[in-house]
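K.L.:
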Amino acid sequence: MKLAYVFAGQGRRPSRRQIDMVGVTSPQLLHQAAVVAGLSTSDELTARGGIALDRTSVLQPVVIAIGVAIASRLPPPHVVVGHSLGELAAAAAAGLVTGAEAVRLAGIRGEAMHDACERHRGGLVAIDRSRLDRALEVVPAAYQALDNAPDEVVLGGDEASVLELVRRFGGRRLTVAGAFHGPTMTAAARRFGRALAAVATRPLRCPMVTCLDARETIDATALAHKLVAAMTKPARFREALQRLHADGVEHFVVVGPGATLRRMIRTTLPRSVRVFTTESESDLALAMEAA
């Protein structure tokens, strides 16, 4: 039985329960995420309904801290993959950087992306795959940002393009701050790349299938380059899942906020695969048994 850990990105905010769970088991890591994000304590993450998590620069280090903390409690996987931001947590689980380094890098990445979103207003819109070609023809300023599942692709663009995609194609606007995985993130990718280059990366403990090219990577230098390049390129998550399954993975553990990724796995792969989430202690216990 081959096992893959699938690390969530920022498509869905972590729940209060998940933050509290990590706060009990890995309080220092969660505190580091809060401080990196400019907060005084981790208690501020859940104050006032978790409003602080609406900011990209806060959400990204918190999501990475949660992913790293949960993965540290699980047995080693055979292979890892991440959805968008989740690739940074996946890389840490594979051994490229430490958990603390990953959280610090996520803070830099999140702040850089927040700044980019302030300069270039835009967003992401999920549409049915059957409407992709027509949408790109009608809204030429839009681009494909993510390939999530057989029935869903995500397009990015400026504010006018986003509104047109919603109006003309019944698209669902995602709750993100800007047009990720596209050209407006070029400056953010450079900032993140400089920060990552300053870290002493380590040999990988297990391979990682990246969403940049849906290929398995075991070389640390190559993986670091891919993490940077992925910020301005489409995330080929559906293809990455298919590659994992073709390589014999039958058990998938979603690390982090899991409902959205669980659905993507279920709609992409055969019903025979088993998918586990880590939203609670009981979920985690089941995932550990499967591993």
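Each residue of the sequence shown is one higher than the one before, counting from 339 in my numbering.
Every residue gets a Cβ at the ideal spot worked out from N, C-alpha and C, and that includes glycine.
#1: Excluding the 5 residues flanking Leu534 on each side, which residues of the same chain have their C-beta closer than 7 angstroms to its C-beta?
#2: Check whether the Cβ atoms of Gly437 and Ala428 lie closer than 8 angstroms to each other.
#3: Could you have a look at His589 and say whether DSSP puts it in helix, strand or coil?
#4: Following the continuous beta strand (DSSP E) through Val344, name the residue where it begins and the one where it ends.
#5: Within its chain, find whatever has a CB closer than 8 angstroms to the CB of Ser353; leave out the 5 residues flanking it on each side and keep chain order.
#6: Given this structure, state the Cα-to-Cα distance separating Ala480 from Gly495, to the nearest angstrom.
#7: So within the stretch 582 to 628, which uninterrupted beta strand (DSSP E) runs reach at least 3 residues, ignoring any that extend past its ends?
#8: Between which two residues does the beta strand (DSSP E) containing Ala483 stretch?
#9: Need the endpoints of the beta strand (DSSP E) that Gly495 sits in, please.
#10: Measuring only the C-alpha atoms, how far is Arg574 from Ala623?
#11: Answer with buried or exposed for Ala498, where buried requires no fewer than 16 other C-beta atoms within 10 angstroms of its C-beta.
#12: Using the beta-carbon count (16 or more within 10 Å), is Pro413 buried or exposed?
#13: Which whole-angstrom value is the C-beta distance of Arg570 and Ala527, which I expect to be below 8 angstroms?
#14: Helix, strand or coil: which one does DSSP assign to Gly420?
#15: Tell me Ala464's beta-bridge partners as DSSP assigns them.
#16: For the alpha helix (DSSP H) containing Met451, list its first residue and its last residue.
#17: Which residues in the same chain as Arg506 place their Cβ atom closer than 7 angstroms to its Cβ, once the five residues preceding and following it in sequence are excluded?
#18: With a Cβ-Cβ cutoff of 8 angstroms, do Thr513 and Ala454 count as a contact?
#19: Report the partner residues of Met546 according to the DSSP bridge assignment.
#20: For Arg553, I'd like the list of residues in its chain whose CB is within less than 8 angstroms of its CB, leaving aside the five on either flank, ordered along the chain.
#21: Pull up the DSSP beta-bridge partners for Ala409, would you.
#22: Can you tell me which of His452, Glu490, Arg604 puts its alpha carbon nearest to the alpha carbon of Ser468?
P.N.:
In short:
#1: Here the set comprises Leu443, Ala562, Leu565, Val566.
#2: Contact flag unset, no.
#3: Look at His589 here: in three-state DSSP terms it is strand.
#4: Per DSSP, Val344 belongs to the beta strand (DSSP E) from 340 to 345.
#5: So the list reads Pro595, Glu617, once near-sequence residues are dropped.
#6: Each residue's alpha carbon lies about 5 angstroms from the other.
#7: Runs found: 587 to 593, 612 to 614.
#8: Element bounds for Ala483: 481 to 487.
#9: Taken as a continuous stretch (DSSP letters only), the beta strand (DSSP E) holding Gly495 covers 490 to 496.
#10: Distance from the CA of Arg574 to the CA of Ala623, rounded to the nearest whole angstrom, comes to 30 angstroms.
#11: So Ala498 counts as exposed.
#12: Residue burial annotation: Pro413 is exposed, with fewer than 16 other C-beta atoms found within 10 angstroms of its C-beta.
#13: Going by the sequence as given, residue 570 is Thr instead of Arg. The C-beta separation of Thr570 from Ala527 comes to about 5 angstroms, placing the pair in contact by the 8 angstroms criterion.
#14: In the displayed model, Gly420 falls within a strand according to three-state DSSP.
#15: DSSP lists Val492, Arg510 as the bridge partner or partners of Ala464.
#16: Element bounds for Met451: 437 to 457.
#17: Answer for Arg506: Val476, listed in chain order.
#18: Contact: no.
#19: Val418, Thr555.
#20: Around Arg553: Val547, Arg581.
#21: Note: Ala409 sits in no beta bridge, so no partner.
#22: It is Glu490 whose Cα lies nearest to the Cα of Ser468.
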